[in-house]
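Using my numbering, read the sequence shown as starting at 142 and increasing by one per residue.
Working notes, structure below.
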Amino acid sequence: MTFYPAVSNLKCNTFSTMKIFGEIMKSHVARIALIGSFAMLALARTVAAADIYPAQPITIVVPNAAGGPTDAIARSIGHKLSTRLGQPVVIDNRSGAGGSIGAEYVARAKPDGYTLFLATTGTLAINPALYDKLRYNAKKDFEPIGIISTTSNVLVVRSGLPVKDVKDLIALAKREPDQLTYGSAGNGTSNHLAAAMFGAMTGTRLRHVPYKSASVLKVDLWEGRIDMVFGTEGNIVKEFMTGGKVRALLATGTRRSVLLPDVPTAEEAGLKGYDVSVWFGLVAPAGTPAKAVERINKELNAILATPEMRKELASDGQTPGAMTPQQFGAFLEQERNKWVPVVKASGAKIE
């Protein structure tokens with residue numbers, strides 16, 4: 142009998158090898174399946190994160206220095222948005238060039254819903270007509286979200302000026318053209334343009350005295366070195382209406398002042414169409430996803446409807462607004478169209 146041990150061993154080795162190979166393949170397939178599962182899980186989480194807004198902190202850029210009324214509004218809204226959204230809201234003050242520096246920064250920001258802008262009358266309505274070279278397009282570079290509030294400008298005169306109402310003031314200004322003076326925070330500011338529009342609508346010529354310091358302006362008005370000033374309700378009441386040194390003659394909005402309810406509106410004083418209210422709102426870079434815009438708008442309007450926020454705004458002479466993004470966009474267009482002729486008539490221009 143002949144034995145073939147080599148062949149027998151070969152069969153045995155081949156079987157063992159195939160068995161080992163099979164085990165290796167099973168292990169490899171299992172590993173691939175596990176890796177695939179992790180990859181799918183990571184992808185699912187990424188998609189879920191992209192679907193959730195907001196998923197990270199939001200920044201509100203403010204075009205004014207910290208401590209002013211614009212900054213105060215931004216911080217109040219930001220705090221309340223943070224509570225409702227479950228994410229931190231950071232306030233980033235970028236002041237300068239009449240608010241243009243902050244506006245330009247936001248116009249260039251990534252449109253992902255995480256950078257917002259505290260827009261003002263100046264940045265999105267006045268500046269486009271005031272600046273020769275504006276480095277952002279107020280109409281095309283921003284996505285409207287919603288209005289926050291509006292406030293009237295109030296006309297006050299020094300106590301020694303011999304007028305008791307707007308009619309008397311107009312008559313005096315016509316008798317003495319270029320003699321009555323008004324102070325402002327500078328060329329192209331809302332209080333400068335409010336006075337310029339007043340002059341144009343009444344056929345009077347008033348002399349503009351721009352100031353760099355609000356405190357100096359106030360003292361000069363109190364001491365009779367200038368005759369009048371326009372200012373927002375809150376600022377006028379808090380800074381000027383003390384000790385009987387000035388008298389309020391007119392509120393420029395369409396409704397009576399919240400803080401000065403006895404002061405007539407422009408229409409009541411015979412100046413129909415004279416509305417130079419100041420407003421604040423939120424916008425985002427153009428191209429920001431609709432989901433983000435709609436969420437912020439929803440939460441903003443909910444905040445503005447609360448008694449707490451309404452009381453807070455009223456204490457500063459402001460009236461809360463409530464608009465959809467589309468309504469706010471139409472409002473911005475209307476405001477731009479309104480201020481162009483006013484700026485032109487004032488002669489104000491900044492290069």
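Ideal Cβ positions, reconstructed from N, Cα and C, are used throughout, including at glycine.
Opening and closing residue of the alpha helix (DSSP H) in which residue i lies
{"i": "residue 465", "result": "Looking at the DSSP string, residue 465 is not in any alpha helix (DSSP H), and its letter there is neither H nor E."}
{"i": "residue 445", "result": "431 to 445"}
{"i": "residue 216", "result": "210 to 226"}
{"i": "residue 233", "result": "Unbroken run through residue 233 is the beta strand (DSSP E), 230 to 234; no alpha helix (DSSP H)."}
{"i": "residue 451", "result": "448 to 455"}
{"i": "residue 242", "result": "241 to 248"}
Bridge-paired residues (DSSP) for residue i
{"i": "residue 284", "result": "425"}
{"i": "residue 299", "result": "387"}
{"i": "residue 370", "result": "297, 324"}
{"i": "residue 272", "result": "491"}
Rounded separation between residue i and residue j - CA only
{"i": "residue 234", "j": "residue 257", "result": "12 Å"}
{"i": "residue 196", "j": "residue 437", "result": "13 Å"}
{"i": "residue 203", "j": "residue 382", "result": "28 Å"}
{"i": "residue 428", "j": "residue 475", "result": "22 Å"}
{"i": "residue 185", "j": "residue 193", "result": "In this prediction, residue 185 scores a pLDDT of 40, lower than 50, which makes its location untrustworthy; the coordinate-derived value is nonetheless stated afterwards. About 12 Å."}
{"i": "residue 397", "j": "residue 293", "result": "9 Å"}
{"i": "residue 357", "j": "residue 326", "result": "10 Å"}
{"i": "residue 221", "j": "residue 254", "result": "17 Å"}
{"i": "residue 205", "j": "residue 307", "result": "33 Å"}
{"i": "residue 472", "j": "residue 309", "result": "34 Å"}
{"i": "residue 419", "j": "residue 393", "result": "10 Å"}
{"i": "residue 276", "j": "residue 331", "result": "21 Å"}
{"i": "residue 165", "j": "residue 432", "result": "With a pLDDT of 49 at residue 165, under the threshold of 50, the modelled position of that residue is not reliable, and the figure given next carries that caveat. The alpha-carbon atoms of residue 165 and residue 432 are separated by roughly 49 Å."}
{"i": "residue 495", "j": "residue 302", "result": "Residue 495 lies beyond the residue range present for the chain, which begins at 142 and ends at 492; the question has no answer from this structure."}
{"i": "residue 247", "j": "residue 364", "result": "42 Å"}
{"i": "residue 198", "j": "residue 242", "result": "22 Å"}
{"i": "residue 352", "j": "residue 295", "result": "18 Å"}
C-beta contact flag for residue i and residue j at 8 Å
{"i": "residue 279", "j": "residue 477", "result": "yes"}
{"i": "residue 311", "j": "residue 343", "result": "yes"}
{"i": "residue 480", "j": "residue 215", "result": "no"}
{"i": "residue 217", "j": "residue 459", "result": "no"}
{"i": "residue 466", "j": "residue 283", "result": "no"}
{"i": "residue 260", "j": "residue 483", "result": "no"}
Residue-level contact to chain D via CB, residue i, 8 Å cutoff
{"i": "residue 370", "result": "The structure shown contains no chain D; it holds only a single protein chain."}
Element boundaries [beta strand (DSSP E), containing residue i]
{"i": "residue 377", "result": "First-last for residue 377: undefined, no H or E at that position."}
{"i": "residue 351", "result": "348 to 351"}
{"i": "residue 202", "result": "199 to 203"}
{"i": "residue 260", "result": "256 to 261"}
Nearest-angstrom Cβ-Cβ length linking residue i and residue j, presumed shorter than 8 Å
{"i": "residue 400", "j": "residue 374", "result": "5 Å"}
{"i": "residue 324", "j": "residue 491", "result": "Not confirmed; about 19 Å, so no contact."}
{"i": "residue 314", "j": "residue 486", "result": "No, residue 314 and residue 486 are not in contact; Cβ-Cβ is about 16 Å, not under 8 Å."}
{"i": "residue 208", "j": "residue 240", "result": "Not a contact, Cβ separation roughly 15 Å."}
{"i": "residue 387", "j": "residue 299", "result": "6 Å"}
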